[in-house]
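Peer 1: Let me give you the structure first, and then I'll get to my questions.
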Amino acid sequence: MNRPTDPRSVVMNLPRRDALDKLTGRTRYTSDLGVGVLHAAIVRSTVASARILRMDFAPALAIKGVRAIAQASDAPGLFGIGIADHPLLNGTRIRFKGEPLAAIAADTLEIARAAAAAVIVETEPLPAVMTMAEALSPDAPTLHPDWKSYELLRDGGIRGGNVAWEARVIRGDTDAAFARPDVTIVEDCFQVGRQNQLPFEPRCAVASFEDGRYHIHTSTQVPWTVRAVTAKALGVSASRVRVTVPAVGGGFGLKFDCTIEPIAAVLAQKTGRTVSLVHSREEENLTCLCRENAELRIRSAVTAAGEIVGREATVLMDCGAYGGEQVFLTTMTAHTLGGNYKLGSVRLNSRAVYTNTPPNGAFRACNGVYNTFFLERHTDNIARAIGMHPLELRRRAVLGDGDIGATGQVFQGDVLRPMLDRMAVLIDRTKDHRDKADGRLYGRATTVGTWFIFVGPSSATVNLNADGSATLVTSGVEIGSGTMVQALPQIVAATLGLSPDEVIVKSADTDAAGRDLGVGGGRATVSIGAASKMAAERVRDQILDIAAEMLQAQPEDLILTKGRVEIAGRPGTGMAITTAIARAEALFGPVSGNGNFTAPGVNALPGCAAGHFIEAIDIPVFAVHDCEVAVDPDTGHVEVLSYKVVQDVGLALNPRAIHSQIQGGVVQGLGYALHERVTVGPDGALEQPGFEQYLVPLAGDVVPVEIDLYEGAPSIGPLGTKGAGEVPILNVGAAVACAVSRAVGRDVSELPLTPPTVLALIQGRTGRMDHPQISAIWQDNLLARAT
Amino acid sequence: MPIELTLNGESIALDIDPRTPLLDVLRDRHGLTGAKAVCREGFCGACTVHIDGQAVPSCLRPIGLLQGCNVVTVEGLTAPGTLNRVQQAFIDHDVVQCGMCFPGMVMTLTTFLDGTPNPNRDEVKSALVGNICRCTGYERIIDAVLSIRSEGVA
Ligand code: FES
Ligand code: FES
Chain A
1 MNRPTDPRSV
11 VMNLPRRDAL
21 DKLTGRTRYT
31 SDLGVGVLHA
41 AIVRSTVASA
51 RILRMDFAPA
61 LAIKGVRAIA
71 QASDAPGLFG
81 IGIADHPLLN
91 GTRIRFKGEP
101 LAAIAADTLE
111 IARAAAAAVI
121 VETEPLPAVM
131 TMAEALSPDA
141 PTLHPDWKSY
151 ELLRDGGIRG
161 GNVAWEARVI
171 RGDTDAAFAR
181 PDVTIVEDCF
191 QVGRQNQLPF
201 EPRCAVASFE
211 DGRYHIHTST
221 QVPWTVRAVT
231 AKALGVSASR
241 VRVTVPAVGG
251 GFGLKFDCTI
261 EPIAAVLAQK
271 TGRTVSLVHS
281 REEENLTCLC
291 RENAELRIRS
301 AVTAAGEIVG
311 REATVLMDCG
321 AYGGEQVFLT
331 TMTAHTLGGN
341 YKLGSVRLNS
351 RAVYTNTPPN
361 GAFRACNGVY
371 NTFFLERHTD
381 NIARAIGMHP
391 LELRRRAVLG
401 DGDIGATGQV
411 FQGDVLRPML
421 DRMAVLIDRT
431 KDHRDKADGR
441 LYGRATTVGT
451 WFIFVGPSSA
461 TVNLNADGSA
471 TLVTSGVEIG
481 SGTMVQALPQ
491 IVAATLGLSP
501 DEVIVKSADT
511 DAAGRDLGVG
521 GGRATVSIGA
531 ASKMAAERVR
541 DQILDIAAEM
551 LQAQPEDLIL
561 TKGRVEIAGR
571 PGTGMAITTA
581 IARAEALFGP
591 VSGNGNFTAP
601 GVNALPGCAA
611 GHFIEAIDIP
621 VFAVHDCEVA
631 VDPDTGHVEV
641 LSYKVVQDVG
651 LALNPRAIHS
661 QIQGGVVQGL
671 GYALHERVTV
681 GPDGALEQPG
691 FEQYLVPLAG
701 DVVPVEIDLY
711 EGAPSIGPLG
721 TKGAGEVPIL
731 NVGAAVACAV
741 SRAVGRDVSE
751 LPLTPPTVLA
761 LIQGRTGRMD
771 HPQISAIWQD
781 NLLARAT
Chain B
788 MPIELTLNGE
798 SIALDIDPRT
808 PLLDVLRDRH
818 GLTGAKAVCR
828 EGFCGACTVH
838 IDGQAVPSCL
848 RPIGLLQGCN
858 VVTVEGLTAP
868 GTLNRVQQAF
878 IDHDVVQCGM
888 CFPGMVMTLT
898 TFLDGTPNPN
908 RDEVKSALVG
918 NICRCTGYER
928 IIDAVLSIRS
938 EGVA
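Read top to bottom, the protein sequences are chains A and B.
For the first sequence, our numbering assigns the number 1 to the initial residue and increments by one for each residue that follows.
For the second sequence, our numbering assigns the number 788 to the initial residue and increments by one for each residue that follows.
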């Protein structure tokens, strides 16, 4: 039976079920659970690059209250994404300052920290590379001399020396395009620094060892990744690891990787006790898996009519000492820097580069945020070079129905162009804020952006309880985005004719639910939502069959609504759902259903993409942002006067919650655009240990975002949904940079736009940006293909 | 000499290092985890409690300076099972996300509204200068607070 669920029965501004406990301080986060357990502290390297000669734990063990030490030999396995290059605890070669070398469990945190400080680590210095330019120079020391022997977790990567991974796109003949007599060639270089996610709850884990298995209770977005990585690092079967997750105090991608969890697991096994490991704010900031710093060279061949006939670009992404997420993210250059616009021919090279700095990670829309900044500023420069209005160029060049993307995938539906029209309407509706500039330099820009929903496997089970409620079991976690407390219960409730508060949502437990890629990349509503919907539909079909028999009706004629099974169109007929459940239980037992989902897979053009994890995107997501700024010519201070977003959401299941995500995501983007910057010092250490040095937006810095949700673009998500929480940050850096550039009449080539940076621009003290480490000849930046 | 103070309406006596931050006393000794340790430097406001009716960060308050003080945490702010008007407005406007900043937000805004019953938008923003939120982008929190004001006026 295939009965569609009416989307209108799902859509609502459902309030959050977790708000009451969160507001009264009763929610127990992982970091609230450290009472009555052992506490752990990590021994970290104090230099960026060195060989370890000797570690002496005797002084630490002599301290009363020390219960166990975890060291490299306890976790022999290397792990990673794409390449297994990362040890849990390093006992041989230090590759970044702050690298975990060992960990100590003790009766109190003070004792653990004192013991960690007492461990003697004898090292011999090795040369270090702190920048990608240094790492790529011909005589650079190699961070991973054994790179060839590392296990490959994914085929197809092009690797070598300090290049952890290279992903390439080659479509069409760019040489011919650039040689055309009728094109203007525009070339630019850009760069960005690192951004710290800074979720309020740091990374933390509470581990115990029960019946020969590791139980890790942790603040993560990816319980199944924690399970797999812990098993790999410790060299045990994954079935011996159980991961459970309570409310997560913010993630933003930082917790999309496994980091300290296996350390807590080792210490729990050694002590037989429950061990709590919580990063201090300083540890958290100094080892933060930031949005990476990056450098770009791009050039485009464009006709007078605004047709981009050729584009070539090379992006350098700093992965820090280990490959991590950046190896995967090389893929996303094709779909972001290579996105938005129709390209006649294109060659892209995206390189993850090792440096002796703390590893980077995933942060909301990841490299899409800076690639969109690069692309949109470049687009403005193209518009200027060919003498076309930047908005007109975008209107002509954006991808539409049937157009092909960088890797040759065929896009469906006109989305960006009508979204630009909707933005024009939104702009018309509110007056401009030029008057608020009040003598300062005024600028405005509209930018476009392309991101994707990270789909992939999810599973769900729905148990229909005798009291008429339903229990949804998935591996999803609530990181603040509302998926677990709003979108999923809405979907299940609508399918079963219940109210959302009758849907119990079990928190993630890898012993209870099937495998899942985790919450991030906008995937929860789509992937877990689709699995949940399927599970609920299987339950619904069983109940309707039973009820049809009892009512002597056809199942097709029945509906589930308001806790009842009714004959469609005849309210009050039929029976309470509990009656049908009781009958089902008498006949064959309790009613439950399973659902699953995975990426259907969209085709790229064969041979276009090499080294990519995702050659074509299953669900593209588009965004149009508009921003007005006022720039103080004397101080370089940028004030955002207004901010507008038109976002492609597929179907807005909970419009109010999506608005909240957009407001929050835009504000994080404003921090990135204007003042959030993590810098690497000469010793390779990150230089912002706390809130005093790392400036996040405060209430007084922000504006209310004006929002228009664009519905109806094609999506394979349940009921046509797309994830809405990740993308709001995507083109904030781009919109602010383009607006400031226009305000001051100079090229903005880097973020963040701090007052000194902007003042230097205004005063003409900023030279044209160039990256000698990226050759102007595109193919000179390629590694020889590994054999 | 033990430090004596009132915590959520109960008198307590503590025989501990007077330099111990109030936040650690609350979390480690009394299991009151509503106040969050986020920065421990007085910047974020997630650890905010009321001391003698004032909303202050508890991470920088040595317990030794609180002799005779009246300390109220978010757990003691209202009778169990009840909400004050700030908490209710936050539910009604669906403004909570990860939630880590909210106990502190509630404590700050509760005293603020007592002192400034009819604030304007800028006044609410100024009141939040010591309370950082990484998730929400603030504006909807401010909408919720202003809704209390307008209800009060009506
Ligand atoms: S933890 Fe006290 S102000 Fe941040
Ligand atoms: S809701 Fe997450 S910090 Fe405010």
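Quick reminder that beta carbons are idealized off the backbone N, C-alpha and C, glycines included.
None of these values were measured; they are calculated from a predicted model.
#1: Starting from residue 368 (chain A) and walking both ways along the beta strand (DSSP E), at which residues does that stretch end?
#2: List, in order along the chain, the chain A residues whose C-beta lies closer than 7 angstroms to that of residue 890 (chain B)?
#3: Let me make sure I understand the geometry here. Which of A:545, A:174 and A:47 has the alpha-carbon closest to that of residue 310 (chain A)?
#4: For residue 79 (chain A), write down the residues that DSSP places opposite it in a beta bridge.
#5: So what does DSSP say about residue 608 (chain A), is it helix, strand or coil?
#6: Quick one: what's got a C-beta closer than 8 angstroms to residue 787 (chain A)'s C-beta in the same chain, skipping five residues either side?
#7: Is residue 848 (chain B) near ligand 1, in the sense that its beta carbon is under 7 angstroms from a heavy atom of that ligand?
#8: Hey, would you say the C-beta of residue 661 (chain A) is under 7 angstroms away from at least one heavy atom of ligand 2?
#9: Roughly how many angstroms lie between the CA atoms of residue 619 (chain A) and residue 722 (chain A), to the nearest whole one?
#10: Along the segment 195-221 of chain A, what residues have a CB closer than 9 angstroms to any CB found in chain B?
#11: Taking 8 angstroms as the CB-CB cut-off, is residue 803 (chain B) touching chain A?
#12: Is any non-hydrogen atom of ligand 1 found closer than 7 angstroms to the C-beta of residue 843 (chain B), if you look at the structure I gave you?
#13: What do you reckon, is the C-beta of residue 812 (chain B) under 7 angstroms from a heavy atom of ligand 1?
#14: Can you list the residues near ligand 2, meaning Cβ strictly closer than 7 angstroms to any non-hydrogen atom, in the order they appear in the chain?
#15: Looking at the structure shown, is residue 738 (chain A) part of a helix, part of a strand, or coil, going by DSSP?
#16: Can the beta-carbon of residue 789 (chain A) be found closer than 8 angstroms to that of residue 581 (chain A)?
#17: Which one or two residues does DSSP pair with residue 131 (chain A) in a beta bridge?
#18: With DSSP run on the structure shown, which of helix, strand or coil describes residue 500 (chain A)?
#19: Please give me, in chain order, every unbroken run of the alpha helix (DSSP H) with length at least 4 that falls completely inside the segment 847-916 of chain B.
#20: From which residue to which residue does the alpha helix (DSSP H) around residue 663 (chain A) run?
#21: Can you find a heavy atom of ligand 1 that lies under 7 angstroms from the Cβ of residue 319 (chain A)?
#22: Spatial neighbours of residue 337 (chain A) within its chain, please: C-beta separation below 7 angstroms, excluding the five flanking residues on both sides.
#23: Where does residue 430 (chain A) fall in DSSP's three states?
#24: Please report the straight-line C-alpha distance between residue 267 (chain A) and residue 408 (chain A), rounded to a whole angstrom.
#25: With distances taken Cα to Cα, identify the nearest neighbour of residue 626 (chain A) among A:780, A:210 and A:428.
#26: Using the rule of at least 16 other Cβ atoms within 10 Å of the residue's Cβ for burial, across every protein chain shown, is residue 402 (chain A) buried or exposed?
#27: Within 8 angstroms of any Cβ in chain B, is that where the Cβ of residue 424 (chain A) sits?
#28: Is residue 663 (chain A) near residue 705 (chain A), with beta carbons less than 8 angstroms apart?
#29: For residue 768 (chain A), collect the residues of the same chain with a Cβ closer than 6 angstroms to its Cβ; drop the 5 residues on either side in sequence, then sort them by chain order.
#30: Say yes only if the C-beta of residue 676 (chain A) is nearer than 7 angstroms to one or more non-hydrogen atoms of ligand 1, and no if none qualify.
#31: On the three-state DSSP scale, how would you describe residue 252 (chain A)?
#32: Could you check how far apart the C-beta atoms of residue 31 (chain A) and residue 202 (chain A) are, in whole angstroms? I think they sit under 8 angstroms.
#33: Can you give, in chain order, each stretch of the alpha helix (DSSP H) that sits fully within the segment 131-165 of chain A and has at least 4 residues?
#34: Measure the Cβ-Cβ separation of residue 862 (chain B) and residue 896 (chain B) and say whether it is below 8 angstroms.
#35: Are at least three pairs of beta-carbons, each pair with one atom in the segment 748-761 of chain A and one in the segment 449-458 of chain A, less than 8 angstroms apart?
#36: Decide if residue 477 (chain A) is buried, meaning its Cβ has at least 16 other Cβ atoms within 10 Å, or exposed.
Peer 2: Put simply:
#1: Where residue 368 (chain A) is concerned, there is no enclosing beta strand (DSSP E), although the alpha helix (DSSP H) it sits in stretches over 366-386.
#2: 25
#3: A:174
#4: A:86
#5: coil
#6: Confidence is the limiting factor: at residue 787 (chain A) the pLDDT is only 37, short of 50, which leaves the residue's position unreliable and the question unanswerable from this model.
#7: no
#8: No, the Cβ of residue 661 (chain A) stays beyond 7 angstroms of every heavy atom of ligand 2.
#9: In this structure, the straight-line span from the alpha carbon of residue 619 (chain A) to that of residue 722 (chain A) is close to 8 angstroms.
#10: When C-beta distances to chain B are compared with 9 angstroms, the residues of the segment 195-221 of chain A below that value are 197, 198, 199, 200, 201 and 202, in chain order.
#11: no
#12: no
#13: Look at residue 812 (chain B): its beta carbon is at least 7 angstroms from all of the heavy atoms in ligand 1.
#14: A:200, A:249, A:250, A:480, B:883, B:884, B:885, B:886, B:887, B:888, B:889, B:920, B:921, B:922 and B:923
#15: helix
#16: The requested residue 789 (chain A) does not occur in the structure, where chain A is confined to residues 1 to 787.
#17: Answer is none; residue 131 (chain A) lacks a bridge partner.
#18: In this structure, residue 500 (chain A) counts as helix in the three-state DSSP scheme.
#19: 872-879, 889-902 and 908-914
#20: Annotation for residue 663 (chain A): the continuous alpha helix (DSSP H) segment containing it runs 655-674.
#21: no
#22: Within the same chain, residue 337 (chain A) has close Cβ partners 313, 315, 348, 371, 374 and 375.
#23: In the three-state reduction of the DSSP assignment, residue 430 (chain A) falls in the coil class.
#24: About 49 angstroms.
#25: Measuring from the Cα of residue 626 (chain A), the nearest candidate turns out to be A:428.
#26: exposed
#27: no
#28: yes
#29: none
#30: Because no heavy atom of ligand 1 lies under 7 angstroms away, the Cβ of residue 676 (chain A) does not count as near it: no.
#31: coil
#32: 7 angstroms
#33: Counting only runs of 4 or more, we get 132-136.
#34: no
#35: no
#36: Its Cβ being crowded by 16 or more others within 10 Å, residue 477 (chain A) is buried.
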